[in-house]
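Chemist: Mind looking over this structure? Questions follow.
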Ligand SMILES: Cc1cc2nc3c(=O)[nH]c(=O)nc-3n(C[C@H](O)[C@H](O)[C@H](O)COP(=O)(O)O)c2cc1C
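In full-length UniProt numbering, the protein residues as written are 1 to 404.
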């Protein structure tokens, strides 16, 4: 039987650890400050059942700077410990550390970022972490070391539940996102998700209620879909601005459009203009490679968010055109470390390996019914996760730079 990598490899003396010794402390910034100050901010979309801790950690190894939890029902979360345990888990190491390129040269020293735009000491500053950037050397002389962020997404039909949930989760996350886009019928009937798209006053009240409870600087964002009548998008965005929303993510499809329909970049651009630069905006929809990300940025957004693109290739933002083998190895390792239920572990691997497998291999892979059989199958296919275990990766070059 193949080994499943439970032993810690010896430190390789040929690997030089010293370049990392003198790195500055990474800046810890609220997400809107990151969006405003850095050229490229890459975000993992909220994904029910999928953007859970092991997958978020994996994406964080490959230049995904901000991760989002799956949509959590605020009412359940705030009243049930069982819901909290099953809906949310995190670790001190899930946020990565990145070299980021400032939009303005003055940002390089970090000193131009106003103290009020930094994370308030009274809110979440994660304890010491062991993450390092992918390279010890700054890619350019302006690069700034920045810690990644985690946003919790909630669905709620009222402000009180949302504020209760925000209060409970705030020690562990860097902000809250209100889901205004879930198109499913059950959600619409519950008055959550896209049922909020045409209730701008309610969205305004909900954002304000959270701000009143958590403090004006605590980031509260919304994720919306565009409306077939863009006037409604304008009203919604302006109401959110009045409430003090911190940033707005725009999915460029209406609630009636399936994900197979192309995303409407013009509609995203319209929504960006509605925000009048008062808060940063993020575009979402059909981001499969860095060229899609570049086109999205032309709409005027400051950040880009991918969902299915990252499921298919978690290393997308690090410039890989399909899932590299080391990402599969890292995924197996983080999943075994954190513990990941088999159906989700298996489903993520199926998404990631889709473009690598022949039809017969897919059929075989889909028939696997346990973590052990899946791990054995991958080992038989040359996936060498045991020797890449407990390593920090240079995600751009895909090689081990340091063993811990
Ligand atoms: C499996 C799956 C789960 C999703 N769960 C959520 C969710 O929890 N909250 C949310 O706002 N959107 C959710 N979405 C929508 C995505 O966040 C995203 O807006 C949509 O897939 C469009 O992005 P894409 O074209 O990059 O996939 C989900 C999408 C998928 C495929």
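The beta-carbon is built from N, C-alpha and C at its ideal position, and this holds for glycine as well.
Which class does residue 68 belong to by DSSP, given the choice of helix, strand or coil?
Modeler: If DSSP states are grouped into helix, strand and coil, residue 68 belongs with the strands.
Chemist: Exposed or buried, what is residue 184 when buried is set at 16 or more other beta-carbons lying within 10 Å of its beta-carbon?
Modeler: When all chains shown are included, residue 184 counts as exposed.
Chemist: Roughly how many whole angstroms lie between the Cα atoms of residue 36 and residue 368?
Modeler: Whole-angstrom Cα-Cα distance: 46 Å.
Chemist: Quick check on residue 188: does DSSP put it in helix, strand or coil?
Modeler: Looking at residue 188 - three-state DSSP - the assignment turns out to be helix.
Chemist: Taking all protein chains shown into account, do 16 or more other C-beta atoms lie within 10 angstroms of the C-beta of residue 25, making it buried, or fewer, making it exposed?
Modeler: So residue 25 ends up on the exposed side.
Chemist: Are there any heavy atoms of ligand 1 lying less than 7 Å away from the beta-carbon of residue 308, as far as the coordinates show?
Modeler: At least one heavy atom of ligand 1 is nearer than 7 Å to the Cβ of residue 308, so yes.
Chemist: Hey, would you say the C-beta of residue 48 is under 7 Å away from at least one heavy atom of ligand 1?
Modeler: Residue 48 Cβ: within cutoff of ligand 1.
Chemist: I want to know whether the stretch 336-349 touches the stretch 67-85 - three or more CB-CB distances under 8 Å.
Modeler: Segments in contact, no.
Chemist: Assign residue 406 to one of three DSSP states: helix, strand, or coil.
Modeler: In the structure displayed, the chain extends from 1 to 404; residue 406 sits before or after that span and is not available.
Chemist: Along the beta strand (DSSP E) that carries residue 364, what are the first and last residues, could you check?
Modeler: Segment 359-367 is the alpha helix (DSSP H) holding residue 364; no beta strand (DSSP E) there.
Chemist: If I measure Cβ to Cβ from residue 316 and keep anything under 7 Å in the same chain, skipping five residues before and after, which residues do I get?
Modeler: Excluding residues within five positions, the ones whose Cβ falls inside 7 Å are 289, 306, 309, 310.
Chemist: First and last residue of the beta strand (DSSP E) that includes residue 247?
Modeler: Here residue 247 belongs to no beta strand (DSSP E), and DSSP marks it neither H nor E.
Chemist: Taking the alpha-carbon of residue 44 as reference, which of 284, 356, 350, 322 has the nearest alpha-carbon?
Modeler: That would be 284, whose Cα lies nearest to the Cα of residue 44.
Chemist: Would you kindly check if the distance between the Cβ of residue 74 and the Cβ of residue 155 is under 8 Å?
Modeler: Contact flag set, yes.
Chemist: Could you give the DSSP three-state label for residue 217: helix, strand or coil?
Modeler: Correct three-state label for residue 217: coil.
Chemist: On the three-state DSSP scale, how would you describe residue 306?
Modeler: Residue 306: strand per DSSP, three-state reduction.
Chemist: Does the pairing of the stretch 140-147 with the stretch 158-170 give three or more beta-carbon distances under 8 Å?
Modeler: Contact fails: fewer than three Cβ-Cβ distances are below 8 Å.
Chemist: State the start and end residues of the unbroken beta strand (DSSP E) segment that holds residue 144.
Modeler: Taken as a continuous stretch (DSSP letters only), the beta strand (DSSP E) holding residue 144 covers 144-147.
Chemist: Per DSSP, residue 222 is paired with what?
Modeler: Looking at the DSSP assignment, residue 222 forms a beta bridge with 178, 248.
Chemist: Any heavy atom of ligand 1 inside 7 Å of the beta-carbon of residue 153?
Modeler: Under cutoff, so the answer is yes.
Chemist: In terms of residues, what are the limits of the beta strand (DSSP E) holding residue 282?
Modeler: That run of the beta strand (DSSP E) goes 281-284.
Chemist: For residue 282 and residue 304, what's the separation of their Cα atoms in angstroms?
Modeler: The alpha-carbon atoms of residue 282 and residue 304 are separated by roughly 5 Å.
Chemist: Suppose only complete runs of 4+ residues qualify. What are the alpha helix (DSSP H) ranges in the stretch 11-63, listed by chain order?
Modeler: Those alpha helix (DSSP H) runs which fall completely within the stretch 11-63 and span 4+ residues are 31-37, 53-60.
Chemist: Mapping the DSSP letters down to three states, classify residue 155 as helix, strand or coil.
Modeler: The answer is strand: DSSP assigns residue 155 an E or B state.
Chemist: State yes or no: is the C-beta of residue 71 nearer than 7 Å to some heavy atom of ligand 1?
Modeler: Answer for residue 71: yes, Cβ within range of ligand 1.
Chemist: Please give the ranges of any beta strand (DSSP E) in the stretch 303-350, keeping only runs that are unbroken, at least 3 residues long and fully inside the region.
Modeler: Counting whole runs of 3 or more residues, the stretch 303-350 contains the beta strand (DSSP E) stretches 303-306.
Chemist: Which term fits residue 321, buried or exposed, when burial requires 16 or more other beta carbons within 10 angstroms of its beta carbon?
Modeler: Exposed, because fewer than 16 other Cβ atoms sit within 10 Å of the Cβ of residue 321.
Chemist: May I have the straight-line CA-CA distance separating residue 38 from residue 370, to the nearest angstrom?
Modeler: Near 42 Å, if we compare the C-alpha coordinates of residue 370 and residue 38.
Chemist: If you check the beta carbons only, do residue 230 and residue 270 fall under 8 Å apart?
Modeler: Yes.
Chemist: Excluding the 5 residues preceding and the 5 following residue 64 in the sequence, name in chain order all residues of the same chain whose CB lies nearer than 6 Å to its CB.
Modeler: Here the set comprises 42, 44, 317.
Chemist: Can you tell me where the alpha helix (DSSP H) holding residue 377 begins and where it ends?
Modeler: Start and end: 371-380.
Chemist: Measuring only from the beta carbon, is residue 286 closer than 7 Å to any heavy atom that is part of ligand 1?
Modeler: Yes, the Cβ of residue 286 comes within 7 Å of a heavy atom of ligand 1.
Chemist: Are the stretch 51-60 and the stretch 236-246 touching, with three or more C-beta to C-beta distances below 8 Å?
Modeler: Contact between the stretch 51-60 and the stretch 236-246 is absent, because fewer than three Cβ pairs lie under 8 Å.
Chemist: Grouping DSSP H, G and I as helix and E and B as strand, with all else coil, what is residue 73?
Modeler: Three-state DSSP puts residue 73 in a strand.
Chemist: Indicate the three-state DSSP secondary structure (helix, strand or coil) for residue 133 in the structure shown.
Modeler: In this structure, residue 133 counts as coil in the three-state DSSP scheme.
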